[in-house]
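In terms of numbering that gives the first Met the number 0, the sequence shown opens at residue 0 and continues consecutively.
Note that beta-carbon positions come from the ideal geometry of N, C-alpha and C, so glycine has one too.
A quick note: this is a predicted structure, and the numbers were derived from the prediction, not measured.
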Amino acid sequence: MSFPFEYISYCGAYFLKSTFRFLFILKYQTYMKRTYSIIFAFLIVTSSFAGNLPVQPIPDLLLQQITEYKAKEHIEFLASDAMRGRNTPSPELEKAAEYIADYFKKAGVEPINGTYFHNYNLFKVNLGEPNAFSIKTKDSTVAFKIKDDFIPFDVTGATTLVDKEIVFAGYGISAPEIGYDDYSGIDVKGKVVVVIRGGPKFDDTTSPFTWKKGGIRYMTHDVKAATAIKNGAIGMIVFNSPRSSNALRASGFPWPSLFPKMASDALPLKIKSNKESLLAHFPIIHCGERAAITLFGTVENLKNAQIAIDTLMKPASFLLQNVKVEDLTITTVEKEFTVRNVMGIVKGSEKPDEYVVIGSHYDHVGASQPNDPTKDSIYNGADDNASGTAGMLLMAESFAQTDPKPKRSIVFLAFSGEEKGLLGSQAFTDNPPLPLENCVSMLNMDMIGRAEQDSLCIGGNTRCKELADLNEVENNQIEKPFSLHYNIENFFFRSDQANFAKKKIPVLFYFTGEHKDYHKVTDEISKINFPDLVRITKLCARTAWKTASIDERLPYTPQKSDNMDIIH
Ligand SMILES: [Zn+2]
0 MSFPFEYISY
10 CGAYFLKSTF
20 RFLFILKYQT
30 YMKRTYSIIF
40 AFLIVTSSFA
50 GNLPVQPIPD
60 LLLQQITEYK
70 AKEHIEFLAS
80 DAMRGRNTPS
90 PELEKAAEYI
100 ADYFKKAGVE
110 PINGTYFHNY
120 NLFKVNLGEP
130 NAFSIKTKDS
140 TVAFKIKDDF
150 IPFDVTGATT
160 LVDKEIVFAG
170 YGISAPEIGY
180 DDYSGIDVKG
190 KVVVVIRGGP
200 KFDDTTSPFT
210 WKKGGIRYMT
220 HDVKAATAIK
230 NGAIGMIVFN
240 SPRSSNALRA
250 SGFPWPSLFP
260 KMASDALPLK
270 IKSNKESLLA
280 HFPIIHCGER
290 AAITLFGTVE
300 NLKNAQIAID
310 TLMKPASFLL
320 QNVKVEDLTI
330 TTVEKEFTVR
340 NVMGIVKGSE
350 KPDEYVVIGS
360 HYDHVGASQP
370 NDPTKDSIYN
380 GADDNASGTA
390 GMLLMAESFA
400 QTDPKPKRSI
410 VFLAFSGEEK
420 GLLGSQAFTD
430 NPPLPLENCV
440 SMLNMDMIGR
450 AEQDSLCIGG
460 NTRCKELADL
470 NEVENNQIEK
480 PFSLHYNIEN
490 FFFRSDQANF
500 AKKKIPVLFY
510 FTGEHKDYHK
520 VTDEISKINF
530 PDLVRITKLC
540 ARTAWKTASI
550 DERLPYTPQK
560 SDNMDIIH
């Protein structure tokens, strides 16, 4: 039991000072004065207790149970070749889910509403038939061939558009905090928009539309599609950047029906049936040179339109003259299936209805179809994210096995579908088995197995400074504090905490950074830094304990980027 400095750190200092002052006054007072002072002192004490009740100290046992040995056991199982990269969906993912639920049960973690599984449905989307694209010009109609001239993207909707006007909308970006909007001053309602991939000057380090500066998050197809729909557009034609590519080619998505070498099940997954999705009837096609020439006369013209934007960093959208979409037909077929998040709870001692979430995704990207069978084709995902899942399991066991319990409950969540677009955490926050308003914070561990030089990245601090400060205090309590870095806003929307932040829940994201084995077959257990994985897990456990024990609920500070248009 460490001396309760933390006791002091939180509320003790004030209390001790007043106690000494009280003893000093007492010695020198007359009886009446003494009576008043006693009453006054009593008020001070009660108020200090009322205001800042000391937080229960962290039981040593909680941290002692978090060991390298157990972490190794979990990663050896989850990241073994036999688990074939835990793809969503796959039989191996189901095996991993059973493993986690069994471990919860053995460790004494309780089920939620009688089950360890949070089931949700996903839709596998495949390209159907027919698919057609033709443009009407002043004097003729140009019909394009699928695969050679146009290919739908994975997020495409399915519909038929006939006789529609076309607007060139630059990069198709609305970035309020960057002060850039390709849709300002142009009416795209009921029209098809043409956009260029990327963002203004995205290959120039000074541009805000770079990875470093964060504007990159406006450049994905689903974000651009959501922005176009929000402005009333009914379809999207996408070209590669003519400034950075010699020839404009269509690649879109490698649909197995167009690319026979592709695994037949390597298909896009959606959390909503196409029928429900915002994108249901919004076709998005990637086009090549022939379409660019038909629409703009020459590729050079499209290039000049791009240069005009990049030069002034100002939008230059316009309605295309003398050309219309004659026919744009995209057909998709979808198959529905069920996958599972795994969940468990350790009930709190005083406020069991309120809870802190400890999260980690347990899925990864599966295995490829190697041309050479002797070649390694399994993406073991030891760091991504068997490491975080091991941390979550270690904490689940230690919280279940430790008494007393913190005031609030701790909910342990293993998400599937993360690699497919944060689908498991979206499903959980869309249909939570427990009231989401009772969730006081979410701590997410994704890739915590490759720490170097005692550094650890923390995300979410701008959304809840108090939680980050609390974590900082706990970091200073561990035997060898980490140097904490708060520079991962670009990764913030790439892991499951993002869906909780969208519900305005204070979150922290623990991450040891990208590395050369990221999403490679070489992300294997031999490269895991176990001593630091255990240190990070202990830090997260301490912060979880405190967040579950303090009286107050921590505030959430909304960020502009929280409202970013994302559709699933
Ligand atoms: Zn991950």
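Discussion item. By the DSSP assignment, the beta strand (DSSP E) with Asp101 in it spans what residues?
Written reply: Counting along the chain, no beta strand (DSSP E) covers Asp101; the unbroken alpha helix (DSSP H) around it starts and ends at 90-106.
Worksheet item: Any heavy atom of ligand 1 closer than 7 Å to the CB of Asn443?
Response: no
Item to complete: Entirely within the region 399-471 and at least 4 residues each: give me those alpha helix (DSSP H) ranges in chain order.
Response: Taking only runs of at least 4 residues, the alpha helix (DSSP H) segments lying wholly in the region 399-471 are 422-429.
Worksheet item: Can you tell which of Met441, Tyr509, His285, Tyr98 has its C-alpha closest to the C-alpha of Tyr485?
Response: Tyr509
Discussion item. For Cys286, list the residues DSSP reports as bridge partners.
Written reply: Phe149
Worksheet entry | Nearest-angstrom Cβ-Cβ length linking Val191 and Ile165, presumed shorter than 8 Å | 5 Å
Worksheet item: For Lys269, which of helix, strand or coil comes out of DSSP?
Response: strand
Discussion item. Quick check on Arg339: does DSSP put it in helix, strand or coil?
Written reply: In the three-state DSSP reduction, Arg339 falls in the strand class (E or B).
Practice prompt. Report all residues from its chain with a CB closer than 6 Å to the CB of Asp382; omit the five preceding and five following residues, and keep chain order.
Written response: Met446, Gly448, Arg449, Asp522
Worksheet entry | Selection from Arg493, Ala225, Trp254 that minimises the alpha carbon distance to Ile145 | Trp254
Fill in: Any non-hydrogen atom of ligand 1 closer than 7 Å to Asp202 Cβ
For ligand 1, not one heavy atom lies less than 7 Å from the Cβ of Asp202.
Discussion item. I need the straight-line Cα distance from Gln558 to Thr219, nearest angstrom please.
Written reply: 20 Å
Item to complete: Please say whether Val364 and Gly113 have beta carbons closer to each other than 8 Å?
Response: no
Practice prompt. Verify the contact flag: Ser415, CB atom, against every heavy atom of ligand 1, threshold strictly below 7 Å.
Written response: No, since every heavy atom of ligand 1 falls outside the 7 Å radius drawn around the Cβ of Ser415.
Worksheet item: In the DSSP assignment, what are the bridge partners of Asp326?
Response: Ser133, Val161
Discussion item. Taking 7 Å as the cut-off, is the C-beta of Asn446 nearer than that to any heavy atom in ligand 1?
Written reply: In the sequence on display, residue 446 carries Met and not Asn. True, at least one ligand heavy atom lies under 7 Å from that Cβ.
Worksheet item: Beta carbon of Ile283, beta carbon of Ala224: below 8 Å?
Response: yes
Worksheet entry | Close-in-space but distant-in-sequence residues of the same chain around Glu93 (CB under 8 Å, 5 per side omitted) | Arg339
Worksheet item: Taking 7 Å as the line, does the beta carbon of Ser494 fall inside it for any heavy atom of ligand 1?
Response: yes
Discussion item. For a cutoff of 8 Å on Cβ pairs, would you count Gly420 as touching chain D?
Written reply: Absent from the structure is chain D; it holds one protein chain and no more.
Discussion item. How far does the beta strand (DSSP E) with Phe529 in it extend, from its first residue to its last?
Written reply: Note, Phe529: premise wrong, no beta strand (DSSP E); alpha helix (DSSP H) at 529-546.
Worksheet item: Is Val161 buried or exposed, if buried means 16 or more other CB atoms sit within 10 Å of its CB?
Response: exposed
Worksheet item: Looking at Pro129 and Thr328, is the spacing between their C-beta atoms short of 8 Å?
Response: yes
Item to complete: Please report the residue range of the alpha helix (DSSP H) in which Tyr555 lies.
Response: Where Tyr555 is concerned, there is no enclosing alpha helix (DSSP H), given that its DSSP letter is neither H nor E.
Worksheet item: When you compare each of Arg493, Leu469, Val298, Lys346 to Ser240 by their alpha carbons, which one comes out closest?
Response: Val298
Fill in: Any non-hydrogen atom of ligand 1 within 7 Å of Asp522 CB
no
Worksheet item: Among all the DSSP beta bridges, which residues are the ones paired with Asn118?
Response: Arg339
Worksheet item: Taking C-alpha atoms, which residue in Ile177, Ala142, Gly127, Val141 lies nearest to Ala157?
Response: Cα-wise, what sits closest to Ala157 is Gly127.
Worksheet item: Between the C-alpha atoms of Thr388 and Asp371, what's the straight-line distance to the nearest angstrom?
Response: 32 Å
Discussion item. Taking 8 Å as the threshold (C-beta atoms), are Asp186 and Tyr170 in contact?
Written reply: Against a cut-off of 8 Å, the Cβ pair of Asp186 and Tyr170 comes out as no contact.
Worksheet item: Does DSSP put Lys501 in a helix, a strand or coil?
Response: coil
Worksheet entry | Check whether Asn460 and Ala467 have beta carbons under 8 Å apart | yes
Worksheet item: Grouping DSSP H, G and I as helix and E and B as strand, with all else coil, what is Ile366?
Response: The question names Ile, but residue 366 is Ala in the sequence shown. In this structure, DSSP gives Ala366 an extended state, which the three-state scheme calls strand.
Discussion item. Give me the residue from Val506, Asp550, Leu455, Ile457 with the minimum Cα distance to Ser440.
Written reply: If we check each option's Cα against that of Ser440, Val506 comes out closest.
Worksheet item: Can you give the Cα-Cα distance for Leu294 and Asn118, rounded to whole angstroms?
Response: Leu294 and Asn118 have their C-alpha atoms roughly 46 Å apart.
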